[in-house]
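Report on the following structure.
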Amino acid sequence: MVRRTERREIAMAGVPEPDFRVLSFMPQKGNATARRYQKRKAHRKSKEGCIACKVKRVKCDEIRPCCSRCRRNDTRCSYPSADEASSPESSSQVAKRPSAHIRQMCRMLGRRSMPSADLLTSPAVTGLDMSQEPTHHGIPRIVLIQHFQNLYPELQLLDSGNPNPILALGLVRPFLLEAVLAVSASHLRHHHWAPESRQLSRVTEHFQQALAVRSFRDALQSLTLDQQTADAFVLTSMFLNLLTFSFAEDDQVQDTWLFRPDDPERLSWFSLQLGLKPLLLTTEHYRDDTILSWMYAASDDEKGTFYGENQRMDRVPAHWMAFLGLDRENLLGEDDLLREPARMLAEVRDLEPRDECFFLYVNFVGALDMEFRFRDMLEAEDERAVWLFGYWLGLMCRFGWWWMQLRVDREWRAIRLWLDQKGVRDRPGEQGRVWRLLMHELEDANRWPRTEYGVVDEVHEVPSTDIIEIL
37 MVRRTERREI AMAGVPEPDF RVLSFMPQKG NATARRYQKR KAHRKSKEGC IACKVKRVKC
97 DEIRPCCSRC RRNDTRCSYP SADEASSPES SSQVAKRPSA HIRQMCRMLG RRSMPSADLL
157 TSPAVTGLDM SQEPTHHGIP RIVLIQHFQN LYPELQLLDS GNPNPILALG LVRPFLLEAV
217 LAVSASHLRH HHWAPESRQL SRVTEHFQQA LAVRSFRDAL QSLTLDQQTA DAFVLTSMFL
277 NLLTFSFAED DQVQDTWLFR PDDPERLSWF SLQLGLKPLL LTTEHYRDDT ILSWMYAASD
337 DEKGTFYGEN QRMDRVPAHW MAFLGLDREN LLGEDDLLRE PARMLAEVRD LEPRDECFFL
397 YVNFVGALDM EFRFRDMLEA EDERAVWLFG YWLGLMCRFG WWWMQLRVDR EWRAIRLWLD
457 QKGVRDRPGE QGRVWRLLMH ELEDANRWPR TEYGVVDEVH EVPSTDIIEI L
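Be aware that the sequence shown starts at 37, since it is given in this note's numbering, and climbs by one per residue.
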C-alpha cells in the first residue's frame, strides 16, 4: 500500500498520485499510472442522530424519542439539542449537568427501596443502566421502577398486594413496563412542588408515555394473543387511561372541552377511555388464569346487579326517565344509548365510595357503546348526554385520588357552568322544574351520603363573574 510519504515523493517526481482508497502499486519499470477513484455521489451527512449511535459510529434511523438501535439494545437514547448538534463536541456532550437538587432527588428516590432479587436478576432489568443519575430524558428507569413499588398502594385501582407480578410481566412485555414508568413519573410530578423537580418528572412522564403508546400500538398489531399478552394489554390500557386523567395540571374550566368547540381533539382524553371495552371483550377468554381476577370480580356485586341477571330499571328516578326519553315503550337511536349509562349511575350513586367499589363506579364507561355514538352526542352538545357525563364526573369526585381528582373536578364544574349559562333552570313549565331538580342533583353528585331532593321551584341566577362566552 502506498504510504503518505511515498505519495509525496511520487507527486514531486511528476508521477500522477493515486487517489485515496485506491489500492495502487508502483511498477518497477515504466510510468506509474493509477485508476482515478470514482467518488460517490454527493450526499448530506446527518448530524441529528442520537448520541449513543454517534459514540458507536453507526448510522442512526433518528426515530424519536428512541431510535431502533437503542430500543433493540435497551440503551438510553438521547438527542443533542440544536446548539449541541452544531458543535464538534456534540457526541460527548449530553445535556447541561442537572442541578445538585435534581441529582439528590433521584438518589433519594433510589434509596427508598430496591427492586426484589427476582426483578434485579431478570434479563430485562440487567440490561438497564443501574445509575440513579438523571439523564437527558429525565429520571432513570431503575429509579422509576423503585418508586412504582412505593406508590403501588396509592393507585387504589389495583390490588393492594405485591406489585412484583405486574413489574415482572412488564419485563417480558416492554410496552407495559413503559406505561408503568410513565405512571411512576406522573406520581412524582403530582407530589413534588419544586418547579425543577416537577419539570424533570413531566419530561420523564411524557417521554415514557410516548414510548408506551408507540410500542403498545405496535404490539396490538403484531403479537399473538396469549395469557401474558392479554393481561399486559389490559393493564397497559388501564395505565394509559390513568395518564389521560393525571395529565390535567390546572383547574381552569376554560380549558375544558365544552369551552373549546373548535378543537377537534377536545374529547380525545375521553375517547381513550372507550377503547378499554373492546379490549376487555377481546381478551375475555383469558380470565381463568389471569393475574387480574380481583379486577374482574370487583366489576359486579354478589347479586349480579350490573352484568348479571338482576339488571333492573326501577332504581332510575322517574324524572331521569322522562328527561332522557326512557319512559317510552319503544326506544330508538339515541334514547336507547342512554338506558344502560343511566341505570349504572342510578345503582352507584348510593354506594359508599370505598376502594373496592371503584370498578362499580366506572361501569358507567363500560355501559357506553363501542361505536362512539355517546361521544358524538357529547361533541354535538346534546344536553342529556352532557348531564349524564357530568353526573358521573361528580360521582367520581367522591374518591379524591391523586391521579384523577383535578381532571374530574374541573370537568364536572365546567359542565355545571355550561348548563347554567344556557339557562336550563329558567326554562318554562315542567321542563324548567325538571332541570332545576337535575341541576341540584348534579351539584351535589360529589357528596356521600347522597342528598334527597323533592320539588325544586326556585330560580337560579348565574354569578356574572363565572360567565364564560359560549361560542
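For every residue, glycine included, the Cβ atom is placed at its ideal position computed from N, Cα and C.
In the three-state DSSP reduction, glycine 436 falls in the coil class, being neither helix nor strand. As for any alpha helix (DSSP H) of minimum length 4 sitting wholly inside the stretch 350–432, the runs are 354–360, 370–373, 375–384, 394–397, 399–402, 409–415, 419–432, ordered along the chain. With fewer than 16 other CB atoms across the displayed protein chains lying within 10 angstroms of its CB, glutamate 388 is exposed. Burial is judged here by how many other beta carbons sit within 10 angstroms of a residue's own beta carbon; valine 94 has fewer than 16 and is exposed. Aspartate 287 and leucine 205 have their C-alpha atoms spaced approximately 36 Å apart. Our two residues, arginine 385 and valine 470, have alpha carbons roughly 19 Å apart in a direct line. Taking a C-beta distance under 8 Å as the contact criterion, valine 422 and leucine 414 qualify as a contact pair. A residue is called buried when at least 16 other Cβ atoms come within 10 angstroms of its Cβ; proline 116 meets this threshold and is buried. In the same chain as leucine 396, and ignoring 5 residues on each side of it, the C-beta atoms closer than 8 Å to its own belong to Ala334, Ser335, Asp336, Asp337, Phe342, Glu383, Val384, Leu387, in chain order.
Here the alpha carbons of leucine 362 and arginine 375 stand approximately 7 Å from one another. Comparing alpha carbon positions, the residue from Arg209, Arg323, Asp350, Arg348 closest to threonine 265 is Arg209.
Here glycine 311 carries a coil assignment [DSSP, helix/strand/coil]. The Cβ neighbour count for glutamate 477, taken over all protein chains shown within 10 Å, is at least 16; the residue is labelled buried. The beta carbon of leucine 279 sits closer than 7 Å to those of Ala218, Val219, Ser222, Gln245, all from its chain and outside the five residues before and after it, given in chain order. Judged by their CB atoms, tyrosine 427 and leucine 381 are nearer to each other than the 8 Å cut-off. From the listed residues Ser251, Val179, Leu310, the smallest Cα separation to leucine 212 is found for Ser251.
Cβ atoms of phenylalanine 435 and isoleucine 451 stay farther apart than 8 Å, at about 18 Å. In the three-state reduction of the DSSP assignment, glycine 174 falls in the strand class, which pools E and B. The beta carbons of leucine 203 and valine 270 sit no closer together than 8 Å. For serine 273, the three-state secondary structure derived from DSSP is helix.
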